[in-house]
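So the structure is just underneath, and the comments pick up after that.
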Amino acid sequence: MYIQNSINLHLFFMRIMKEHMFFIYTAFTKADLSMSNEAKDLMNQASMMLEKFVNIAPEYVSEEVKSSNEIVTNHTLEAEQKTSNLTGVPINTNITQNEYNLLTNPSTYYEISVEEMNQLNTEAHKLVTNIIKFKTTLLTRVLNCQLFTQNYPLLIDHILSEAKLYLDLIENLGNPNSTVSYNEFISTEKFWNEIMSEHSAFIRGLLDPSEGELINTANNFANNFENLNKMLDNNSNTTIQQQILLETSNIKKFKEAAVSGLIDCQIKSVILPLLGDHVLREANHYFRLLNQPNSKY
Ligand SMILES: [Fe+2]
Numbered sequence: 038m039y040i041q042n043s044i045n046l047h048l049f050f051m052r053i054m055k056e057h058m059f060f061i062y063t064a065f066t067k068a069d070l071s072m073s074n075e076a077k078d079l080m081n082q083a084s085m086m087l088e089k090f091v092n093i094a095p096e097y098v099s100e101e102v103k104s105s106n107e108i109v110t111n112h113t114l115e116a117e118q119k120t121s122n123l124t125g126v127p128i129n130t131n132i133t134q135n136e137y138n139l140l141t142n143p144s145t146y147y148e149i150s151v152e153e154m155n156q157l158n159t160e161a162h163k164l165v166t167n168i169i170k171f172k173t174t175l176l177t178r179v180l181n182c183q184l185f186t187q188n189y190p191l192l193i194d195h196i197l198s199e200a201k202l203y204l205d206l207i208e209n210l211g212n213p214n215s216t217v218s219y220n221e222f223i224s225t226e227k228f229w230n231e232i233m234s235e236h237s238a239f240i241r242g243l244l245d246p247s248e249g250e251l252i253n254t255a256n257n258f259a260n261n262f263e264n265l266n267k268m269l270d271n272n273s274n275t276t277i278q279q280q281i282l283l284e285t286s287n288i289k290k291f292k293e294a295a296v297s298g299l300i301d302c303q304i305k306s307v308i309l310p311l312l313g314d315h316v317l318r319e320a321n322h323y324f325r326l327l328n329q330p331n332s333k334y
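Heads up: the sequence shown begins at 38 in my numbering, then just goes up one per residue.
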């Protein structure tokens, strides 16, 4: 279970980290070359770590994770190619290709021992700690108006909290008590509802002002997820649980349509296709967790 939990965790989150660093790296101005270089370095390190995890046995990936579309979606490869062309920043799509193979025809794999897994978890822990430090410095500098970036301060704060969650989950991997308590499940819901609400707010703000209908839809999602969290603060009954599941399923569909629209150039915005695919994968991840309330990873 320890190895399976570790692999499931890293396949989702290490890709998220690598893409966060990509979004940070591509949003700097020429004034901040040294932070820009640091971002690039962390992005490359995350990419290399992801590659290691992808090369480990597909047999360790749970069926639920395989079918959730949280590691890659049908759009990931195309979103990466377009994003790489648009930004001029290369993306190693061999990893993506291997991720598709991992999910469809697990032919080659490499057995891993608990000791080797421990070693990789330590490496991942170190890298995520450095990423957290970097994002914290970046956020402080942005909030003090010492640095300009194309990313919203809330987006930096958002990706910082995702990195902190990842670190927390890495630290809990060795914990033999892997059952999810009621309170833990509710706090997971609160975390991801907040994330879904913020994604919607980012989409709302990054769409071209002429995209009125999409802006309204995104705005509604932002409010709905916020309201769900207010309801969770008061109590949690079956009705709220059903509403959360329905709203998450709806935002998945919305993001899916958005990624297609971004790739096909049908939406006017300042959203990179890869950012669209990234937030879709997070919705897919949350949807799986909702359907597996007893699973932490
Ligand atoms: Fe996110």
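Every residue gets a Cβ at the ideal spot worked out from N, C-alpha and C, and that includes glycine.
All values reported here derive from a predicted model rather than from experimental measurement.
Residue i to residue j, Cα distance in whole Å?
| i | j | result |
| --- | --- | --- |
| L204 | K67 | 31 Å |
| S84 | I128 | 9 Å |
| L283 | K290 | 11 Å |
| S332 | T124 | 38 Å |
| M154 | F49 | 16 Å |
| I277 | D78 | 43 Å |
| E300 | A255 | The displayed chain sequence assigns Ile, not Glu, to residue 300. In a straight line, the C-alpha of I300 is about 18 Å away from that of A255. |
| N228 | L206 | A quick correction: the sequence has Phe, not Asn, at residue 228. Each residue's Cα considered, the two are about 13 Å apart. |
| L265 | E148 | 43 Å |
| Y97 | H47 | 12 Å |
| I44 | E75 | 27 Å |
| T159 | E107 | 23 Å |
| S247 | A259 | 19 Å |
| N253 | N122 | 30 Å |
| H162 | P213 | 19 Å |
| T130 | E117 | 7 Å |
| D270 | Q280 | 15 Å |
| E263 | S234 | 6 Å |
| V217 | E208 | 16 Å |
| N257 | G249 | 12 Å |
| T275 | V316 | 27 Å |
| L184 | L197 | 17 Å |
| L251 | I240 | 9 Å |
| I61 | S224 | 28 Å |
| G313 | N261 | 20 Å |
| D194 | L180 | 10 Å |
| Y219 | C302 | 43 Å |
| Y323 | T285 | 8 Å |
| C182 | T166 | 25 Å |
Under 9 Å, do residue i and residue j count as touching if we go by C-beta distance?
| i | j | result |
| --- | --- | --- |
| R325 | T113 | no |
| L139 | E226 | no |
| L202 | P190 | no |
| Y334 | V151 | no |
| L309 | T174 | no |
| E136 | V102 | no |
| Q187 | A295 | no |
| E231 | T110 | no |
| A200 | M80 | no |
| L164 | M268 | no |
| I304 | S237 | no |
| V307 | L243 | yes |
| V126 | F222 | no |
| S105 | N321 | yes |
| R178 | M72 | yes |
| H57 | I168 | yes |
| K421 | L157 | There is simply no residue 421 to check, as the chain begins at 38 and stops at 334 in what is shown. |
Starting from residue i, trace the alpha helix (DSSP H) both ways and give me its first and last residue.
| i | result |
| --- | --- |
| F335 | Examination of residue 335 is not possible in this model, given that the chain is present from 38 through 334 alone. |
| L184 | Premise fails: L184 is in no alpha helix (DSSP H) and is neither H nor E. |
| E153 | V151 to L180 |
| V296 | T275 to I300 |
| A255 | G249 to N271 |
| P190 | P190 to E208 |
| V316 | P310 to N328 |
Say yes only if the C-beta of residue i is nearer than 8 Å to one or more non-hydrogen atoms of ligand 2, and no if none qualify.
| i | result |
| --- | --- |
| E199 | For the structure depicted, ligand 2 is absent and the ligand set comprises only ligand 1. |
If you scan the stretch 104-145 from start to end, which runs of the alpha helix (DSSP H) of 4 or more residues do you find wholly inside it? Runs found: 113-124 and 130-141.
Could you tell me which uninterrupted alpha helix (DSSP H) segments, each at least 4 residues in length, are contained entirely in the stretch 38-84, listed from first to last along the chain? With a minimum length of 4 residues, the continuous alpha helix (DSSP H) runs that stay inside the stretch 38-84 are 39-62.
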